[in-house]
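All remarks here apply to the structure that follows.
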Amino acid sequence: MRKKKWANVKEAAIRVFFFACGILAILVLIGIFITLVSTAVPAFREIKVSEFLLKTNWDPTSPEKEEYGLLSMIVSTLMVTAGALLLAIPIGIGVAAYLSDVAHWRTREILKPVIEILAVIPSVVVGFLGIVLFGPVIAKIFHTGHGLNAVNGSFLLAIMALPTIISISEDSLSAVPAAYGEASLALGASRWQTLVRVRLPASLSGIIAASMLGMGRAIGETMTVLMVTGNARSFPHGFLDSVRTMTSNIAIELGEVPYYTTHYYALFAIGLVLFVMTFVVNLIADVVLRKYQEREQ
Amino acid sequence: MKKMTKKKIIQGIGFFALRAAMALVLAVLLLFLYDIGKKGGGALSWEFLSQAPRKGMTEGGIFPAIFGTFLVTLITAILAVPLGMGAAIYLHEYARQTRVTRLIRLSIRNLSGVPSIVYGLFGVILFVNILRFGTSILSAGLTLGLMTLPWTITASEEALKTVPDSYREGALALGATKWQSIRTNVLPYAVPGMLTGTVLGLARAAGETAPIMFTGAAFYLPYLPKSLGDQFMALPYHLYIMATQHHAIQQVRPLAYGTALVLIALILGLNMTAVVIRYRLRRKRR
């Protein structure tokens, strides 16, 4: 009897341990949010929220008047991200469609892990290759002197977003019920027509979710854009401009800023903006993906 | 008849475009690997792997960075592996479909989307400031560990899903407790998959720069870290410095290429190890 009781206690303790591991995920997420908010709030004792979000000049170390306008960086981040998606979405869907509808299954089994290699190349290596490989090419084509600008960043971010977009789009294409494609083929449609008119539309929600996840990754990517976009603080006027994204700015300034100053707090406020942006984008991806999985079941 | 051929031509063009997309992606990957392999290979030598940087990092090797990356990844593993596996076991074996469970899953999915630099900011506040670990290898490892957590949880749960329910039911029917059934009838079959997923997560963590930049990685250190409270050099951060921050960037380019090659080799090596682990353990079980 006593032994049984002890066994029960042990079972309960083990259960509690595993439960605590699970709860940790919630705690970390809330912890990140609270940390960012509580460290960002003191910045707004001296900076107006409207100024922070709508002004374009960022010059926290100016001897005359410190300025904390984030808009240039928000626009730069969105610009580089948009450029990346413009490249990555069509190519990603193309590759996914090739893998699921054109390639022989044996080719597919070889190519899928090869594409995964792209996903494991560290962002700092991708950035390095942007400097040594694409920078000179871009400089030559557009006659810009150096090739460290928004185009370079978009190009590299596209490469980094591709594995995500390809693998989720391919999953959702293979999850389209076989009967859809068969019905279309039986009506005399070609494989191409079946792909474009039936199978791709049927997997649209998966493709949208994949693109959103790719977007979240592009917005939050730090090292690659830090290394190749040139980091000029001015408002961007085109893709050949040197731009500084929000992530780059944190990486550049956090190392030199004195702790517990308005500037320090402002960098955490940028972190908060980033957190909220990626959170919303990922949440949308999540909702779209879930809806689509529920429909599948 | 004419319409038939038109349809075929369009299909031919369409499929050609898809093949071209695939070829483009492969070409970029090959270009990356070729360039790093060729130019990085030239910088490799025993000296490069075993010596510290010399003369303002214009000569010598990258041993302290290799050592630092190894140590920080070890701390990452100590945090992320048991907690990640634990959370996965809870979610798949114990949890019912309650609001708390859904909240845990939602948190995990969102954590995996949090930008790495935001983890860095969190690490600065929590580990460096509040817990007073300072900018150290411990703070950096724990920051990376938190970042790796969602990946290890997801991968471990995938592995648990592959164990058939009949295994659990068999043990429970014989009078085993819940934990006994998990320990004897679930984990032995799930652990290879869990390990594989975990090593893949660790490989990703080893290549990260943004989370360690402000929590412990150092520009240059003349000595190796002696305790968990010391700063350290790391391969990804070293590459960043050699590529953009060094005073003689063109001169040290071969060293940067060498560092990139070692980093990529390390990460691809870890990935291969993961695949081999899975293969070996699967075969042994048969």
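The listed protein sequences derive, respectively, from chains X and F. Heads up: the first sequence at position 47 corresponds to 47 in my numbering, and the numbers run straight through without jumps. Here my numbering runs 297 ahead of the position in the second sequence, where the first position is 1. Ideal Cβ positions, reconstructed from N, Cα and C, are used throughout, including at glycine.
| Check | Outcome |
| --- | --- |
| Measure from the C-beta of X:Met-227 to each C-beta in chain F and report whether the shortest distance is under 7 angstroms. | yes |
| Would X:Glu-11 pass as an interface residue toward chain F - the criterion being a Cβ-Cβ separation below 7 angstroms? | yes |
| Should F:Ser-404 be flagged as near chain X, meaning a C-beta pair shorter than 7 angstroms? | yes |
| At a Cβ threshold of 7 angstroms, is X:Val-41 touching chain F? | no |
| Closest to X:Ser-169 by C-alpha separation, out of X:Phe-239, X:Gly-206 and X:Tyr-98, would be which residue? | X:Gly-206 |
| If we call anything under 7 angstroms between Cβ atoms a contact, is F:Leu-441 one with F:Ala-502? | yes |
| Should F:Ala-374 and F:Leu-499 be called a contact, given that it needs their Cβ atoms to be closer than 7 angstroms? | yes |
| Would X:Trp-105 pass as an interface residue toward chain F - the criterion being a Cβ-Cβ separation below 7 angstroms? | no |
| Quick one: does X:Phe-155 have its CB under 7 angstroms from some CB of chain F? | no |
| Find out if the Cβ-Cβ distance for the pair X:Leu-274, F:Val-421 is shorter than 7 angstroms. | no |
| Evaluate the contact criterion for the stretch 471-480 of chain F versus the stretch 392-411 of chain F: three or more CB pairs, one atom per stretch, below 8 angstroms. | no |
| Per DSSP, X:Asp-59 forms a beta bridge with which residues? | X:Glu-67 |
| Looking at chain F, which residues of the stretch 166-184 of chain X have a Cβ within less than 9 angstroms of any of its Cβ atoms? | Ile-166 |
| Do F:Ser-347 and F:Phe-585 count as a contact pair if the criterion is CB distance below 7 angstroms? | Outside the modelled stretch of chain F, which goes from 298 to 583, sits residue 585 of chain F, for which no answer is possible. |
| Counting along the chain, where does the alpha helix (DSSP H) carrying X:Glu-109 start and finish? | 105-120 |
| Under three-state DSSP, which class holds F:Pro-350? | strand |
| Using a Cβ-Cβ cut-off of less than 7 angstroms, list which residues of the stretch 467-499 of chain F approach chain X; keep chain order. | Thr-474, Lys-475 and Trp-476 |
| Give the DSSP-derived three-state secondary structure of F:Val-325 in the structure shown. | helix |
| Can you tell which of X:Ile-14, X:Ile-93, X:His-104 and X:Val-124 has its C-alpha closest to the C-alpha of X:Thr-222? | X:Val-124 |
| With DSSP collapsed to three states, give me the class of F:Gly-365. | helix |
| What do you get for F:Leu-429, buried or exposed, if any count of 16 or more other CB atoms within 10 angstroms of its CB means buried? | The question names Leu, but residue 429 of chain F is Arg in the sequence shown. Answer is exposed; the Cβ neighbour count stays below 16. |
| What do you get for X:Trp-6, buried or exposed, if any count of 16 or more other CB atoms within 10 angstroms of its CB means buried? | exposed |
| Have a look at X:Tyr-68 and X:Phe-44 and give me their C-alpha separation to the nearest angstrom. | 10 angstroms |
| Hey, out of F:Leu-567, F:Arg-575, F:Gly-566 and F:Gly-555, whose CA is closest to F:Glu-344's CA? | F:Gly-555 |
| Please check the pair F:Met-530 and X:Ala-251, which I expect to be a contact at CB under 8 angstroms, by giving their CB distance rounded to whole angstroms. | F:Met-530 to X:Ala-251, Cβ: 18 angstroms. No contact. |
| Am I right that X:Ala-139 and X:Gly-127 are in contact with their C-beta atoms under 8 angstroms? What's the rounded C-beta distance? | 16 angstroms between Cβ atoms; not a contact. |
| Distance cutoff 7 angstroms, beta carbons only. Does F:Gly-442 sit that close to anything in chain X? | no |
| Closer than 7 angstroms by C-beta to X:Asp-118: which residues in its own chain qualify, once you throw out the five before and the five after it? Chain order, please. | First, the amino acid is wrong: residue 118 of chain X is Leu here, not Asp. Within the same chain, X:Leu-118 has close Cβ partners Ile-159, Leu-162 and Pro-163. |
| Would F:Tyr-517 count as contacting chain X if we go by Cβ distances under 7 angstroms? | no |
| Tell me which residues of the stretch 28-57 of chain X have at least one Cβ-Cβ distance to chain F shorter than 9 angstroms, keeping chain order. | Val-28, Leu-29, Ile-30, Gly-31, Ile-32, Thr-35, Leu-36, Ser-38 and Thr-39 |
| Listed in chain order, which residues of the stretch 190-208 of chain X have Cβ atoms closer than 8 angstroms to some Cβ of chain F? | Ser-190, Arg-191, Trp-192, Gln-193, Leu-195 and Val-196 |
| Write down the C-beta distance between F:Leu-536 and F:Leu-560 rounded to the nearest angstrom, noting that I regard them as a contact closer than 8 angstroms. | 6 angstroms |
| Using 8 angstroms as the cut-off, can you tell me whether the stretch 97-106 of chain X makes contact with the stretch 326-335 of chain F, which would need three or more C-beta pairs spanning the two stretches below that distance? | no |
| Anyone know if the C-beta pair for X:Leu-213 and X:Ala-285 falls short of 7 angstroms? | yes |
| What are the boundary residues of the alpha helix (DSSP H) that X:Met-205 is part of? | A small correction: the amino acid at residue 205 of chain X is Ser; Met does not occupy that position in the sequence shown. Note, X:Ser-205: alpha helix (DSSP H), 204-220. |
| Can you give me the Cβ contacts of F:Ile-538 inside the same chain, cut-off strictly under 7 angstroms, excluding the 5 residues immediately before and after it? | Phe-516 |
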